[in-house]
Amino acid sequence: MKVMINEGKPVEFPIAYPGSQVTLLVPIYNPTRHIIIYELEILKDDEVLDIQQFINILPNECKTSLWTFSPRSTGSFNTQVKGFVVHPSHILREDTLCTVNAKCLEVELITEPNTILVEIIKGCSVEKTFDLINVGLCKAYIYLNCKDYSKALIEPENITLNPGESIRVKVKLTSNVDVCHFQIFGYLKVCSKSNLLLDRTPISIAHVKVEATFPLMKIIDLHCQQHSCEFSKLNFWKMLNIDLLNLVLSSSLPSEGETYVSMKCPSYPLDTSIIFEFLIENDSKIPLIWEIKMGKCCYCKPVLTQISFSVSKKINFCPHKNEFTFSPTTGMIMDQHKTVIFLRVNYTVYECPPAVFKLKFWPRGYDMVTKSVKLIINRHSIHNIDDNYIDFYESEFCNQYHFCMVPFPINCFNPVVQAFWLYNNTSNIVKISVDASNLKGTAFSYLETINEINPNSSVPLLFTFLPTENKLFEAFVTIYLGTRIKSVYISARGKAYVNSCIYHEVNNVPRTATILTIKSQEVYSSVNHIDMNYLTIHGENSYIFFLNNNSDNEYYFSWSRLHFEDLLFVKISPTKGYLSPNCTVLCKLTCYSLGLPCCVVVNIACKLTNLTAYNSFVKQRTKQNIKLLECKEYFTITEFNYSYEDCDQFKKIDKPKTEIPIVISVSITVLSLELNKNRIDKQAMSPLVKKNFPGEPITFVIKTNCVMDILNKIIWCNINDVYLSGIRSSDTFHMYSYTKFLISELQNKRAENLPPNPTKKVIQRVLEDIILTNMHVVFSASHRKSASALKNLTLSLNSHKSETSLLENYEEIIEQSNTLTV
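What follows is the structure, given as structure tokens:
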């Protein structure tokens, strides 16, 4: 028994306003029959909490004490008050502790955006803005400052914000700012009702990330129009030194002077001209203005010619003036956009001097910061056919647009879309059409897209690739661009094994395909082929992927589950569920080895049901207001406004149609463990094995003998020997009849609700099938002792009349099987 403060509950003060006081009457109960003097003591923070220290309490009296909370700063306040009896001292010596909680109104500030990304160009000043909003209930005075960073100017620095008000703040960065990260802090001065300024509390307002950058350009594609077929696109890429040019263009700093890039053109007859098309991409977030000019390439002087008696004129008879032309001369590339520059080189004059082009570009609005590149094109004579520039592998593709697609696994069901981009750098709309008749019967297919290209824009040509063999596939497609006709050469290679995440190294030469998502599919998977890592016997592995709903409909999905007896257990979780509109579901593929080494490829299908379409269908049929739909194997109406006579009409509603648009292929390889001689796995020897699969009920498989495990190891070991020896015959197909036969027998027993325990009769039939028909190829390729040992094992099995005798002579059978495994 002790004195109770506030009935043993914590004391909760109402929310206080800055600068005000909040009072509270706290009850204190004396449970004794004596008059006591009770003392209260604040354990901490006695500056903001004021209480009555001594209280006289009559017997069995509940007396109130006045407690006052006077906040001096914003935020929460927590403390404890201890109470004890002063007189008489021999009564209730146990102290009482009471928790006190209070809170003062806080200033809540938010910024939009809270992270400011500043891309500053060296030598220029940049200004960024953000909005500061007071979402609290207090009026606040804010002083903004960049802590430990003096190169940023903030306007305004002193801000007064009423509750619900906002202000736009400017951050100016000078030209000498480097790459850095800093915080903008605010020092708060909260104003109370009596205009009392409370403590200055520093808080983080915004995070500023400064990146010194320059518009990054690079040449991503090159096309050469010339009459000879000796040189391919890759040859010209090397001869024109595009790698060095890209290194200069991709520099993040402006050039202090001109950078020289030496280019070489091969020798051709004098009546041959070459047109180079450079596809330049602006890979930054700043628009770019570029300009190209022709430099002086020769020292020919104009000739003074008499035209008439009164007028004389200098005429330029220089034979080199029309040797090099280019278009366009200037332009602007928006951020993340591309453009094409045409350079035409004529060979009409012997010993033509090198051409000089000056390429200059600068960010829009920053004329003082420029980058210049001088391109010097020389005529290069090639006499030896084995010159390093020539690449015979691509020589046959030099007169066409070569579209190299990303390699893809064979026998996949859901291909990815690969894009080949067409660019229109003119001011007119260009009509396009694609003749894909040559793709019929091939591994390629063309997806119809828009039939025109807007000015200064690009459209993709979408292709898919479904290989059936491990080889190189080739095809041609004709493209009609207005009045021009272009040929696109498509090549791709099928692969037997690929990684689960399809990737391709984007080399600098020449450009390959772009992987896109099939947007035409409403529901699609993030992967279509999964190559699981190597599993060991009784091992487990998992893989994470995503199921995406790219539509406004709600779907119900259901994954199939595979269970191969004594081989594998494969499932995807969650097995069933909903796909909300424009949402993603994380799926986990789990593979578990049941004890046999194998190498299989399985397909897992996903059934989809359009819940939105089914809802509208049911409402149209019933013409009633459906309240609830429950999803199990299919959708059923659980609440409806029907009378008893209308039940027949309700039963006529069909189940929703299911589709299987998603199929994932999985490659699984299970490796056998290296066992020591004369030793068998303890789990295999146990007569009772517990198998616990994730998410599945626990099942007990009673093994009356371990002969099946021994036979499995023998058969699969011999099959592996035959496969590695290179024997390929029609008999090798029968090696798998053992597994199929055993699975069929076990499935029949499961249908009869019998335990999956292979009997002696089943084992004998399997052994006879192996020895007499299927396994003669195995035994001829492996050691002769294997055949004799297996026959002895068969005879020993036949000698035992019952399952009990098998268990009694288990050690003898193990010794015979060891001669096979060794």
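Residue 492 in the working numbering sits at position 482 of the sequence shown; the count goes up by one each step and never skips. We put the CB at the ideal spot given by N, CA and C, even for glycine. Computed from a predicted model, the values in this text were never measured in an experiment.
Fill in: Which of helix, strand or coil DSSP assigns to F645
Translated into the one-based positions of the sequence shown, residue 645 becomes position 635. In this prediction, F645 scores a pLDDT of 36, lower than 50, which makes its location untrustworthy; no coordinate-derived value is stated.
Worksheet item: Measuring CA to CA, which of Y565, M342 and L59 is closest to E291?
Response: Position 281 of the sequence shown, counted from the start, is the residue given in the question as residue 291. Of the candidates Y565, M342 and L59, the one whose C-alpha sits nearest the C-alpha of E291 is M342.
Fill in: Neighbour-count burial assignment, G605, 16 or more Cβ in a 10 Å radius
Numbered from 1 along the sequence shown, position 595 holds the residue referred to as residue 605. G605 is buried by the Cβ-count criterion.
Practice prompt. Please go through the same chain and pick out, in chain order, the residues whose beta-carbon is closer than 8 Å to the beta-carbon of S590, but skip the five residues on each side of it.
Written response: On the sequence shown, position 580 is the one that residue 590 refers to. If you ignore the 5 residues before and after S590, its C-beta comes within less than 8 Å of the C-beta of N559 and E564, all in its own chain and listed in chain order.
Discussion item. DSSP three-state label for T452, please.
Written reply: Looking up residue 452 in the sequence shown gives position 442. Coil.
Worksheet item: If you count every other CB in all the chains shown that lies within 10 Å of the CB of F486, and 16 or more means buried, which is it?
Response: Translated into the one-based positions of the sequence shown, residue 486 becomes position 476. Exposed.
Worksheet item: If we ignore side chains and look at the alpha-carbon of each, how far apart do I67 and E104 end up?
Response: In the sequence shown, counting from the first residue as 1, residue 67 sits at position 57. In the sequence shown, counting from the first residue as 1, residue 104 sits at position 94. When rounded, the distance between both Cα atoms is 17 Å.
Discussion item. Alpha carbons only, please: which of I143, C608, I387 and N251 is nearest the one belonging to F574?
Written reply: For the purposes of this step, residue 574 is identified with residue 564 of the sequence shown, where counting begins at 1. Of the listed residues, the one whose Cα sits closest to F574 is C608.
Worksheet entry | Rounded distance between the beta-carbons of E57 and N111, thought under 8 Å | Locating residue 111 in the sequence shown gives position 101, counting from the first residue. Locating residue 57 in the sequence shown gives position 47, counting from the first residue. The Cβ separation is near 17 Å, so there is no contact.
Item to complete: For E301, collect the residues of the same chain with a Cβ closer than 6 Å to its Cβ; drop the 5 residues on either side in sequence, then sort them by chain order.
Response: In the sequence shown, counting from the first residue as 1, residue 301 sits at position 291. If we look at E301 and ignore the five residues flanking it on each side, its Cβ neighbours are T340 and K370.
Discussion item. With a threshold of 8 Å, are at least 3 pairs of Cβ atoms found where one atom belongs to the stretch 457-469 and the other to the stretch 478-485?
Written reply: At 8 Å Cβ cutoff, the stretches do not touch.
Fill in: Assigned exposure category for D231 - 16 Cβ within 10 Å defines buried
Counting from one through the sequence shown, the residue named residue 231 turns up at place 221. So D231 ends up on the buried side.
Worksheet item: For N448, which option in F79, L572 and V498 has the closest C-alpha, if you only look at C-alpha atoms?
Response: What you label residue 448 is simply residue 438 of the sequence shown in a count that begins at 1. Closest option to N448, Cα to Cα, is V498.
Worksheet entry | Status (buried if at least 16 other CB within 10 Å, exposed otherwise) for M227 | Here residue 227 refers to the residue found at position 217 when the sequence shown is read from its first residue. By the neighbour-count rule (16 or more Cβ atoms within 10 Å), M227 is buried.
Fill in: I387, buried or exposed, once every other Cβ within 10 Å from all chains shown has been counted against 16
Taking the first residue of the sequence shown as position 1, residue 387 is located at position 377. Taking every protein chain shown into account, the CB of I387 has 16 or more other CB atoms within 10 angstroms, so this residue is buried.
Fill in: Three-state secondary structure assigned by DSSP to K306
Residue mapping note: residue 306 aligns to position 296 of the sequence shown, counting from 1. Under the three-state reduction of DSSP, K306 is assigned to coil, being neither helix nor strand.
Worksheet item: Quick one: is N538 buried, meaning 16 or more other Cβ sit within 10 Å of its Cβ, or exposed?
Response: Position 528 of the sequence shown, counted from the first residue, corresponds to residue 538. Under this definition N538 is a buried residue.
Worksheet item: Does DSSP put M344 in a helix, a strand or coil?
Response: In the sequence shown, residue 344 corresponds to position 334, counting from 1. DSSP places M344 in coil when its eight states are reduced to three.
Item to complete: Can you say whether P707 is buried or exposed, counting buried as having 16 or more other CB atoms within 10 angstroms of its CB?
Response: As a position in the sequence shown, residue 707 is number 697, starting the count at 1. Unreliable placement is indicated for P707, whose pLDDT of 31 sits below 50; the coordinate value is still reported in the next sentence. Its Cβ having fewer than 16 others within 10 Å, P707 is exposed.
Item to complete: To the nearest angstrom, report how far apart N168 and N620 are at their CA atoms.
Response: For this step, residue 168 is matched to residue 158 along the sequence shown. For this step, residue 620 is matched to residue 610 along the sequence shown. One alpha carbon belongs to N168, the other to N620, and they sit about 57 Å apart.
Worksheet item: Where does A446 fall in DSSP's three states?
Response: For the purposes of this step, residue 446 is identified with residue 436 of the sequence shown, where counting begins at 1. Three-state DSSP puts A446 in coil, outside helix and strand.
Worksheet entry | Limits of the unbroken alpha helix (DSSP H) element including K243 | Here residue 243 refers to the residue found at position 233 when the sequence shown is read from its first residue. Unbroken alpha helix (DSSP H) run through K243: K243 to M249.
Worksheet item: Helix, strand or coil: which one does DSSP assign to I252?
Response: On the sequence shown, residue 252 is found 242 positions in, with the first residue counted as 1. Correct three-state label for I252: helix.
Item to complete: Take V271 and list the residues in its own chain whose beta-carbon comes closer than 8 Å to its own, dropping the five residues that flank it on each side.
Response: Counted from its first residue, the sequence shown places residue 271 at position 261. Taken in chain order, the residues that qualify are N251, L254, L255, V258, V383, K384, L385 and I386.
Fill in: Which of helix, strand or coil DSSP assigns to N464
Position 454 of the sequence shown, counted from the first residue, corresponds to residue 464. Of the three classes helix, strand and coil, the one that applies to N464 here is coil, per DSSP.
Worksheet item: By the 10 Å Cβ neighbour count, where 16 or more other Cβ atoms means buried, how is P37 classified, buried or exposed?
Response: Numbered from 1 along the sequence shown, position 27 holds the residue referred to as residue 37. Looking at its Cβ environment, which holds fewer than 16 other Cβ atoms inside 10 Å, P37 is exposed.
Practice prompt. With a cut-off of 8 Å on the beta carbons, I'd call L545 and I678 a contact; round off their distance for me.
Written response: Translated into the one-based positions of the sequence shown, residue 545 becomes position 535. Translated into the one-based positions of the sequence shown, residue 678 becomes position 668. Between I678 and L545 the Cβ distance is about 7 Å, and since that is below 8 Å, they are a contact.
Item to complete: Could you tell me the distance, in whole angstroms, from the CA atom of S30 to the CA atom of P81?
Response: Reading the sequence shown from its first residue, position 20 is the one you call residue 30. Reading the sequence shown from its first residue, position 71 is the one you call residue 81. Going by the C-alpha atoms only, they are around 7 Å apart.
Item to complete: Mind checking which residues open and close the beta strand (DSSP E) that includes M273?
Response: Taking the sequence shown and counting its residues from 1, one reaches residue 273 at position 263. Element bounds for M273: T269 to P276.
Worksheet item: First and last residue of the beta strand (DSSP E) that includes S176?
Response: Taking the first residue of the sequence shown as 1, we reach residue 176 at position 166. Per DSSP, S176 belongs to the beta strand (DSSP E) from S176 to L183.
Item to complete: Output the distance between the C-alpha atoms of E17 and Y39, rounded to the nearest integer angstrom.
Response: Taking the sequence shown and counting its residues from 1, the one referred to as residue 17 is at position 7. Taking the sequence shown and counting its residues from 1, the one referred to as residue 39 is at position 29. Straight across, the Cα-Cα distance linking E17 with Y39 is about 8 Å.
Discussion item. According to DSSP, is N635 part of a helix, a strand, or is it coil?
Written reply: Translated into the one-based positions of the sequence shown, residue 635 becomes position 625. Since pLDDT at N635 reaches only 41, below the 50 mark, its modelled position is unreliable, and the value read off the structure follows with that caveat. DSSP places N635 in coil when its eight states are reduced to three.
Worksheet entry | Exposed unless 16 or more other CB atoms sit within 10 angstroms - verdict on L50 | The residue labelled residue 50 in the question sits at position 40 within the sequence shown. The residue is buried, with at least 16 neighbouring Cβ atoms inside 10 Å.
Discussion item. Our contact map puts S570 next to A615 with C-beta atoms below 8 Å; I'd like the distance itself, whole angstroms only.
Written reply: Stepping through the sequence shown from its first residue, residue 570 is reached at position 560. Stepping through the sequence shown from its first residue, residue 615 is reached at position 605. That pair is a contact at about 5 Å.
Practice prompt. Could you spell out the range, first to last residue, of the beta strand (DSSP E) harbouring G587?
Written response: Within the sequence shown, the letter at position 577 stands for residue 587. From DSSP, the beta strand (DSSP E) with G587 extends over K586 to L589.
Worksheet item: In or out: D656 buried (at least 16 other Cβ within 10 Å) or exposed?
Response: Looking up residue 656 in the sequence shown gives position 646. A caution first: D656 carries a pLDDT of 41, below 50, which makes its placement in the model too unreliable to give a value.
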